[in-house]
Amino acid sequence: MNNFVKNILLLIIVLALSYYTAEYFGTWYDKFSPQYDNTLGVSKALLISLAGFPFAYIFFTILLFKLFSFGNRNKWIGWLLVPPLLFFGSGDIQHIYLPIVLGLIALGLSKLISTITTKSKQIN
1 MNNFVKNILL
11 LIIVLALSYY
21 TAEYFGTWYD
31 KFSPQYDNTL
41 GVSKALLISL
51 AGFPFAYIFF
61 TILLFKLFSF
71 GNRNKWIGWL
81 LVPPLLFFGS
91 GDIQHIYLPI
101 VLGLIALGLS
111 KLISTITTKS
121 KQIN
């Protein structure tokens with residue numbers, strides 16, 4: 001299987017994880033900027049999940065592609081982060097620091113995990 005197909009499968013995993021954890025990320029974002037008013041006619045849980053999906057997508061894209069991607073990792077991460085960054089840049093410019101901080105946390109966590117796995121391989 002070539003690298004392109006492997007990275008597409010990794011993207012599908014990122015999308016699935018983002019979907020299932022969007023409510024948790026949305027709850028954290030709701031503490032900074034409350035999302036619920038009754039004008040849209042949808043439930044609060046749906047709005048929180050919709051608000052949390054881009055955050056979860058950014059977090060898991062950086063984390064999983066830094067750990068498991070094939071080929072040019074930074075190119076894949078850059079192209080895959082364009083849609084959520086355009087989404088945040090066009091709408092909520094006041095809170096643009098939140099996805100940036102979340103991306104830096106994911107980057108640091110991926111570096112920590114790769115360092116731990118590298119050191120454990122050297123010990124064995």
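Using UniProt numbering, the first residue of the sequence shown is number 1, and each one after it goes up by one. We treat Cβ as the ideally placed atom computed from N, Cα and C, and that holds for glycine.
Check, Outcome
"Alpha carbon to alpha carbon, how far is L63 from V42?", "32 Å"
"Report the CB separation of T61 from L80 in whole angstroms; it is logged as a contact under 8 Å.", "5 Å"
"List the endpoints of the continuous alpha helix (DSSP H) containing L102.", "97-123"
"Measuring CB to CB, does F55 end up less than 8 Å from F25?", "yes"
"Any idea what DSSP makes of S43, helix, strand or coil?", "coil"
"Can you tell me which of L50, W76, K66, T21 puts its alpha carbon nearest to the alpha carbon of P34?", "L50"
"Which of helix, strand or coil does DSSP assign to L81?", "coil"
"CB-CB under 7 Å to L10, same chain, minus the five flanking residues each way: which ones, in chain order?", "L64, F65, F68, S69"
"Between the beta-carbon of A106 and the beta-carbon of F59, is there less than 8 Å?", "yes"
"Name the two residues that bound the continuous alpha helix (DSSP H) containing G4.", "The sequence given here has Phe at residue 4, not Gly. Element bounds for F4: 3-32."
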